[in-house]
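K.L.:
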Amino acid sequence: MGPRGEAWRRFFRHPAATAGLAVLVFFGTMAICAPLLAPFRPSQQLDIVGLQNRPPSWQHLLGTDLYSRDIWSRLAYGAQVSLGIGTLGMAVAVSLGGLVGAAAGYFRGWIDAVLMRLVDVGLSVPRIFIVLLAIALWDRLGTGSLILLLGLTGWFATSRLVRSEVLSLRERPFAEAARAAGARPWRIITRHIVPNAAAPLIISAALGIGHMMLLEAGLSFLGVGVAPPQPSWGNMIADGRDQIVTAPWTSLFPGLAIALTVMALNAIGDALRDALDPRAEALVPAGD
Amino acid sequence: MTAWLLRRLATAFAIVFTVVTFCFIAIHLAPGTPFLPEEGRAINPAAVAHLRREYGLDQPLPVQYVRYLAALARGNLGESFSQHRPVAAAIASAIPNTVVLAGAALVIDFVLGIALGAYQAARARRRADAALTTATLFIYSLPIFWLGLVLLLVFGQWLGWFPVGGVTDPVFYDSLSWFGKLGDRLYHLALPALTLGIVGAAGTARFQRAALIEALSQDFVRTARAKGLPESAVVIRHALRDALLPVIALLGLALPFLLTGAVLVETVFAWPGLGKLATDAIAARDYPLVLAATMLASIAVVLGSLIADLLTALADPRVRLVA
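Here the protein sequences come in this chain order: U and L. Numbered according to the numbering used here, the first sequence terminates at residue 1067, and the numbering increases by one at each position without gaps. Numbered according to the numbering used here, the second sequence terminates at residue 664, and the numbering increases by one at each position without gaps.
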């Protein structure tokens, strides 16, 4: 069994990761098939007086919220938004972090110094404040801008990991051979080094999507993320906040959805870390 | 040691300076002008020119930058649009509340986290460990504001053990004794600090567990056991001292987490700190306030990581000698 098969075996040795994969498939399917799974439209106000804040029942599996919208439907469409923003934001962050880390690790010298100082600065400001500042200055953010902003503030830790991996990879014989053959630096980086540095990128991605989702949920909860009436798991929790005593299910289910998804992603990330690089020391959980 | 310290201080100062500069750039990159016309009425261009001169906005950017830095050095953070008072005053009343909340959460985070992580490592791979691993993973993945709401519901409303918001009791506080006042404050601090602290503790526990398991496999632990020491002494007095070092480094990373969490927790519990100030300011697009909060938050983070590095250097001589 080759190294790839070995890695998969190590991955599935973690029961939490296997369960996590199942949870992720569940929510991913929910997101993709939302129009099929949702009996009602997410913004449909069904019966403004009669169906406000109804507890879970056979017609409304998770109950209704204060605007008499079906929570299960909103959860399904919200999965699209929350998972989508998390994944796309992380895609931006991983690309940027990989690029910066590879450049810093390969070229070293002053490029490395400047880029890593930038990373230090980036890690010094709590992400939520940067996003709040951007919103204060640029007013409302569309979903695209939100994703971009989340990605632009989330690449710092990834770049450090990629940089240390690239620093060691560039000394390997295959890199030396490529240099001797006359390959340009950028070609060496993209064709030879980055594919071998995939492990920290993948692990970063798995763990990072969870952080992205939590940050998006927090921002939507504060009212500055995804704008209502479009459902996002975060703003659904905000909707239920004033009814928390009389109708706790409005906030309970979206929160559970977020918790389970992030938990699945964390479990998968941990198992990936063990599967792809069992020698790696316990990485510190990222701050915000 | 002194050389190392001076270098770290210089780095810290450079980082704060860069953040401040980026804030300046951000203000000037943002669209719109500070002088917006009223509905329907055009602004007299001469008036705009006069106002620009008065606020120094017609000066070249480098000059504005220097004046900005000078104002900051004097402690002038601008005027808050929404509160109609100097930003520095608004922040000064909010900071102590956040410091108290973050401090309490930090204590809970590390005391609970280290104890839990150590317990798990001592019982590694047995049932208690497996159950606790799942529990910490779950808690670590919770949205903090949602946990706050749940705790509010369960302990504040259903059980009525704790109040549902605020720093002190609005009615009775002034008539309490000194001791009663302290008790009232702690009573109100409990839920928000627990919310922040528990999630942090879950993360710290995961890390401490890994570090201690690693330490327990070392030779010096085998020696301690061979000497006949009781297991508790082996784990706590010998292995844990080694395993605490990486956790001290975690202190530096705890601060961004605490500050982000504080923004959310303060909103849920109506705790009048820096976080709530920032979110209230957002609603009014009061960017001087948000700017000041951002700068302060980053100063706190830089300071926190400096202190963490210092503690690590004090605890681990290898750091001092190598750096």
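Virtual Cβ for every residue (Gly too), placed ideally from N, Cα, C.
#1: Could you tell me which chain U residues have their CB closer than 7 Å to the CB of Gln498/L, listed as they occur along the chain?
#2: For the alpha helix (DSSP H) containing Ile432/L, list its first residue and its last residue.
#3: So within the segment 1020-1057 of chain U, which uninterrupted alpha helix (DSSP H) runs reach at least 4 residues, ignoring any that extend past its ends?
#4: Can you tell me whether Arg942/U is buried or exposed? The criterion is at least 16 other CB atoms within 10 Å of its CB, across all chains shown.
#5: Using the Cβ count rule (16 or more neighbours within 10 Å means buried), how would you classify Ile582/L?
#6: Nearest-angstrom Cα distance between Val606/L and Ser999/U?
#7: Please state whether DSSP places Glu572/L in a helix, a strand or coil.
#8: How many angstroms separate the CA atom of Thr536/L from the CA atom of Tyr406/L?
#9: Expressed to the nearest angstrom, what Euclidean distance is found between the alpha-carbon atoms of Arg467/L and Ala552/L?
#10: Using a Cβ-Cβ cut-off of less than 9 Å, give me the residues of the segment 960-990 of chain U that come near chain L, in sequence order.
#11: Inspect the beta-carbon positions of Gln1022/U and Leu845/U and report whether they are closer than 8 Å.
#12: Taking the alpha helix (DSSP H) that Leu532/L falls in, what are its first and last residues?
#13: How long is the line joining the alpha carbons of Phe365/L and Ala959/U, rounded to whole angstroms?
#14: Quick one: is Glu995/U buried, meaning 16 or more other Cβ sit within 10 Å of its Cβ, or exposed?
#15: Please report the straight-line C-alpha distance between Ala367/L and Leu916/U, rounded to a whole angstrom.
#16: Shorter than 8 Å from the beta carbon of Ile1037/U to some beta carbon of chain L?
#17: Pick out whichever of Ile981/U, Ala976/U and Phe1032/U has its Cα sitting closest to the Cα of Asn1014/U.
#18: Identify, in the order they occur along the chain, each residue of the same chain with its Cβ nearer than 6 Å to the Cβ of Leu457/L, setting aside the five sequence neighbours on each side.
#19: Use the C-beta contact count for Thr1025/U: other C-beta atoms within 10 angstroms, 16 or more gives buried, fewer gives exposed.
#20: Can you confirm whether Arg467/L, when its beta carbon is compared against all beta carbons of chain U, has any partner nearer than 8 Å?
#21: Helix or strand or just coil, what does DSSP make of Thr509/L?
#22: Taking Trp889/U as the query, report the chain L residues whose CB atoms sit under 9 Å from its CB, ordered along the chain.
#23: Counting only the same chain and skipping the five closest in sequence on each side, list residues whose C-beta sits under 7 Å from that of Ala973/U.
#24: Once you ignore the five residues that flank Gln823/U on each side, which residues in its own chain have a CB closer than 8 Å to its CB?
#25: With distances taken between CB atoms, is the gap from Pro905/U to Val575/L smaller than 8 Å?
#26: Please name the residue in Trp519/L, Ala388/L, Leu615/L and Ala446/L whose C-alpha comes closest to that of Ile293/L.
#27: Exposed or buried, what is Gly1066/U when buried is set at 16 or more other beta-carbons lying within 10 Å of its beta-carbon?
#28: Can you check whether the C-beta of Arg1020/U is within less than 8 Å of a C-beta belonging to chain L?
#29: Got a sec: which bits of the segment 903-914 of chain U sit with their beta carbon under 9 Å from any beta carbon on chain L, in order along the chain?
#30: Go to His369/L, then tell me how far its alpha helix (DSSP H) extends in each direction, as first and last residue.
#31: In whole angstroms, give me the CA-to-CA distance for Glu1060/U and Phe548/L.
#32: If the cut-off is 7 Å on Cβ atoms, which residues from the segment 999-1013 of chain U count as contacting chain L, listed in chain order?
#33: Considering only residues of the segment 798-829 of chain U, which uninterrupted alpha helix (DSSP H) runs meet the minimum length of 4 residues and lie entirely inside it, listed in chain order?
#34: Measure the alpha-carbon distance for Ala430/L versus Leu594/L and round it to whole angstroms.
#35: Val900/U touches chain L at which residues, Cβ-Cβ below 7 Å?
#36: Check the C-beta distance from Asp627/L over to Phe422/L and give it rounded, since I have them as a contact under 8 Å.
P.N.:
Reading it off the structure:
#1: Val1024
#2: Val428 to Ala463
#3: 1028-1055
#4: buried
#5: A small fix is needed here, since residue 582/L is Arg in this sequence, not Ile. By the 10 Å Cβ count, Arg582/L comes out exposed.
#6: 14 Å
#7: helix
#8: Roughly 41 Å between the two C-alpha positions.
#9: 17 Å
#10: Gly989
#11: yes
#12: Trp519 to Leu557
#13: Between Phe365/L and Ala959/U, the C-alpha separation is close to 47 Å.
#14: buried
#15: Each residue's Cα considered, the two are about 8 Å apart.
#16: yes
#17: The candidate whose alpha carbon is nearest that of Asn1014/U is Phe1032/U.
#18: Ala546
#19: exposed
#20: no
#21: coil
#22: Result: empty, since nearest Cβ-Cβ is about 15 Å, beyond 9 Å.
#23: Here residue 973/U is Val; the residue named in the question, Ala, does not match the sequence. So the qualifying residues of the chain are Gly877 and Ala881.
#24: Arg848, Asp849 and Ser852
#25: no
#26: With chain L running from 342 to 664 in the structure shown, residue 293/L is simply not present.
#27: Since pLDDT at Gly1066/U reaches only 37, below the 50 mark, its modelled position is unreliable, and no value is offered.
#28: yes
#29: Ser903, Val904, Pro905, Arg906, Ile907, Phe908, Ile909, Leu911, Leu912, Ala913 and Ile914
#30: Thr343 to Leu370
#31: Because the pLDDT at Glu1060/U is just 44, under 50, the model does not fix this residue reliably, and the value given afterwards should be weighed accordingly. Their backbone Cα atoms lie some 11 Å apart in a straight line.
#32: Phe1000, Leu1001 and Val1003
#33: 813-816
#34: In a straight line, the C-alpha of Ala430/L is about 29 Å away from that of Leu594/L.
#35: Ile356, Thr359 and Val360
#36: 4 Å
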